[in-house]
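Quick note: the working numbering has the sequence shown finishing at residue 486, numbered continuously throughout.
Presented below is the structure to which this report refers.
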Amino acid sequence: MFKGIYRRWLINTFGVVLAIIVLIVISLSVAVRSLCYSSAENALISHSRELEAVFPEGVSDSTETFIDTASAYAADISYKNEVELQVLNASGRVVMTSTGFVPNDETAPDYADAVKNENGYSRYTGRSDAGERIMAVTRVIRSTQGTELGAVRYVSSLRNANHKILIYTLIASAVGLLIIAVVALSGYYFIRSIVRPVRDMTETAQRIAQGDFTAKVDKMYDDEIGDLSDTINDMAKELDANEKLKNDFISRVSHELRTPLTAIKGWAETMQYGVPDRVTMEKGMSVIVKESTRLTSLVEELLDFSKLQSGRLTMQMERMDILAEIDEAVYMLKERALSEGKHLLYDDPEDMPIIYGDRNRLKQVFLNVIDNALKYTPEGGMIGVQVYQDFKEHTIKVVVADNGCGIDPEDLPKVKDKFYKANQKINGSGIGLAVADEIIKMHKGTLELESSPEVGTTVTITIPIFNEAAALDDDSQPLGGMNPTP
Numbered sequence: 001m002f003k004g005i006y007r008r009w010l011i012n013t014f015g016v017v018l019a020i021i022v023l024i025v026i027s028l029s030v031a032v033r034s035l036c037y038s039s040a041e042n043a044l045i046s047h048s049r050e051l052e053a054v055f056p057e058g059v060s061d062s063t064e065t066f067i068d069t070a071s072a073y074a075a076d077i078s079y080k081n082e083v084e085l086q087v088l089n090a091s092g093r094v095v096m097t098s099t100g101f102v103p104n105d106e107t108a109p110d111y112a113d114a115v116k117n118e119n120g121y122s123r124y125t126g127r128s129d130a131g132e133r134i135m136a137v138t139r140v141i142r143s144t145q146g147t148e149l150g151a152v153r154y155v156s157s158l159r160n161a162n163h164k165i166l167i168y169t170l171i172a173s174a175v176g177l178l179i180i181a182v183v184a185l186s187g188y189y190f191i192r193s194i195v196r197p198v199r200d201m202t203e204t205a206q207r208i209a210q211g212d213f214t215a216k217v218d219k220m221y222d223d224e225i226g227d228l229s230d231t232i233n234d235m236a237k238e239l240d241a242n243e244k245l246k247n248d249f250i251s252r253v254s255h256e257l258r259t260p261l262t263a264i265k266g267w268a269e270t271m272q273y274g275v276p277d278r279v280t281m282e283k284g285m286s287v288i289v290k291e292s293t294r295l296t297s298l299v300e301e302l303l304d305f306s307k308l309q310s311g312r313l314t315m316q317m318e319r320m321d322i323l324a325e326i327d328e329a330v331y332m333l334k335e336r337a338l339s340e341g342k343h344l345l346y347d348d349p350e351d352m353p354i355i356y357g358d359r360n361r362l363k364q365v366f367l368n369v370i371d372n373a374l375k376y377t378p379e380g381g382m383i384g385v386q387v388y389q390d391f392k393e394h395t396i397k398v399v400v401a402d403n404g405c406g407i408d409p410e411d412l413p414k415v416k417d418k419f420y421k422a423n424q425k426i427n428g429s430g431i432g433l434a435v436a437d438e439i440i441k442m443h444k445g446t447l448e449l450e451s452s453p454e455v456g457t458t459v460t461i462t463i464p465i466f467n468e469a470a471a472l473d474d475d476s477q478p479l480g481g482m483n484p485t486p
């Protein structure tokens, strides 16, 4: 219980509150003591001012006159129950009291201080010879020649004052204990309201880490803890979806690898165990070359995806003519379009501004996008490639449009996600578009899709026009993943 958050709360919060309460109680006790003692002292000082009428200017004619006058004054005071008045001789010994009781050899320790004081006054707080806590005010009476004849001492018991101080201290302590109890109780339930959900989240996170993506956290509160619960549940759901996508991806890739390997192996065995005629030989070699190219393309796609995942996908940036790469991509796929009975149309512009990019990577993107258009367009369909300059945005746009099967609205936002494949009937790994999108982003451009089922799909690639100042910035300090070519 007293580990982790509980322990930190006890030290950082409860410990501070406890220290503050103790400090307040001590300060209040000291203040009450000071107030009570000051009140008792003021009362004694007020009574001592009566000596100005008994002994004008604090003098007397002789020792006998002083003792007689002081004894008569002591016997006549009206507050005997509150204050004891003592008459002291020149030696500081008590010779007369207002109670009528004269102690044996009792001396006043504050008499010497009063004699030394030029005002003939001193205050004393301590214990009497009987051990009682007292406060005393002493005033010295001198002769007309200035010698000390004795003193009058006002003594008050501090029993009532100390009792009052004790009462206030106990009340303050009780209030402090009540506050501490309330803070402890509320803190306990508050920390418990945090610790319990956190423990549940920890257990759920451990289950998720072990591969149980169906684990969920029960949302207890509609606050930051609740938000964290939702986040963990969403994470588990996302991991579950990614796990399924990954498994589907592995299954698709295995199928994609097995199909061309089977074809290559089959034709290789055919040519190994017998010499086929020329037509069969040419057909077999054509299949082997075609499937080998397909395998190479798939392996390169997988390698690019691996680099993308690890952040090692780099660009060899240089000034380049984008039309040259688009022309080559269209040329490479033109024969395939004709063989599949599809129309690949390309509106070749005369001239385009220079851009700053990686030739091979951009051609890879164009090939991937046009290849996808060919895959999802039926026989007799049309694929159009258009390039134009957007003067307002200072960009070049490459638009690849087809009238194929299109993409469902619920699949469209996900087609650029890794492993995602909207149409499971068409061959493909499902990572080509994710790699293409990342390549375009590394060129500070965008790859956007618009599609309607049974209408077709339009892919728009936007790349910034070359800017000398920006290129110099890139040369001096390349952005992540970009390796400029001098």
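Virtual Cβ for every residue (Gly too), placed ideally from N, Cα, C.
All figures in this text were calculated on a predicted structure; none of them were measured in a lab.
Based on DSSP bridge pairs, tell me the residues matched to residue i.
{"i": "residue 86", "result": "97 and 153"}
{"i": "residue 336", "result": "DSSP output for residue 336 lists no bridge partner at all."}
{"i": "residue 413", "result": "Beta-bridge pairing links residue 413 to no other residue."}
{"i": "residue 387", "result": "398"}
{"i": "residue 446", "result": "462"}
{"i": "residue 356", "result": "319"}
{"i": "residue 456", "result": "452"}
{"i": "residue 107", "result": "93"}
{"i": "residue 345", "result": "384"}
{"i": "residue 59", "result": "142"}
With a cut-off of 8 Å, does the C-beta of residue i fall near any C-beta of chain B?
{"i": "residue 141", "result": "Absent from the structure is chain B; it holds one protein chain and no more."}
List the endpoints of the continuous beta strand (DSSP E) containing residue i.
{"i": "residue 315", "result": "315-320"}
{"i": "residue 125", "result": "121-127"}
Note the first and the last residue of the continuous alpha helix (DSSP H) segment covering residue i.
{"i": "residue 47", "result": "15-48"}
{"i": "residue 440", "result": "432-442"}
{"i": "residue 111", "result": "111-116"}
{"i": "residue 5", "result": "5-9"}
Quick check on DSSP: helix, strand or coil for residue i?
{"i": "residue 91", "result": "coil"}
{"i": "residue 467", "result": "coil"}
{"i": "residue 375", "result": "helix"}
{"i": "residue 273", "result": "coil"}
{"i": "residue 285", "result": "helix"}
{"i": "residue 489", "result": "Absent from the structure is residue 489, since the part of the chain shown begins at 1 and ends at 486."}
{"i": "residue 368", "result": "helix"}
{"i": "residue 53", "result": "helix"}
{"i": "residue 483", "result": "Legend: pLDDT at residue 483 = 44, less than 50; position of this residue unreliable, no value from coordinates given."}
{"i": "residue 212", "result": "coil"}
{"i": "residue 264", "result": "helix"}
{"i": "residue 1", "result": "Confidence is the limiting factor: at residue 1 the pLDDT is only 48, short of 50, which leaves the residue's position unreliable, though a coordinate-based value still follows. In the structure shown, residue 1 sits in coil (DSSP, three-state: anything other than H, G, I, E or B)."}
{"i": "residue 79", "result": "coil"}
{"i": "residue 312", "result": "coil"}
{"i": "residue 299", "result": "helix"}
{"i": "residue 392", "result": "coil"}
{"i": "residue 70", "result": "helix"}
{"i": "residue 362", "result": "helix"}
{"i": "residue 226", "result": "helix"}
{"i": "residue 407", "result": "coil"}
{"i": "residue 238", "result": "helix"}
{"i": "residue 12", "result": "helix"}
{"i": "residue 475", "result": "Per-residue confidence for residue 475 stands at a pLDDT of 46, beneath the threshold of 50, marking its modelled position as unreliable; the derived number appears in the next sentence. Of the three classes helix, strand and coil, the one that applies to residue 475 here is helix, per DSSP."}
{"i": "residue 350", "result": "coil"}
{"i": "residue 253", "result": "helix"}
Thinking residue i and residue j are a contact (beta carbons under 8 Å), I'd like their distance in whole angstroms, please.
{"i": "residue 237", "j": "residue 229", "result": "Residue 237 to residue 229, Cβ: 13 Å. No contact."}
{"i": "residue 44", "j": "residue 152", "result": "Not a contact, Cβ separation roughly 11 Å."}
{"i": "residue 454", "j": "residue 381", "result": "Not really, about 12 Å apart at Cβ, beyond 8 Å."}
{"i": "residue 134", "j": "residue 157", "result": "6 Å"}
{"i": "residue 386", "j": "residue 399", "result": "5 Å"}
{"i": "residue 401", "j": "residue 341", "result": "Not a contact, Cβ separation roughly 18 Å."}
{"i": "residue 215", "j": "residue 204", "result": "5 Å"}
{"i": "residue 343", "j": "residue 383", "result": "7 Å"}
{"i": "residue 490", "j": "residue 97", "result": "Given a span of 1 to 486 for the chain in the structure shown, any question on residue 490 remains unanswerable."}
{"i": "residue 111", "j": "residue 131", "result": "The pair is not a contact, with the Cβ atoms about 20 Å apart (cut-off 8 Å)."}
{"i": "residue 361", "j": "residue 315", "result": "6 Å"}
In chain order, each alpha helix (DSSP H) run of at least 4 residues that lies wholly inside the segment 133-208: none
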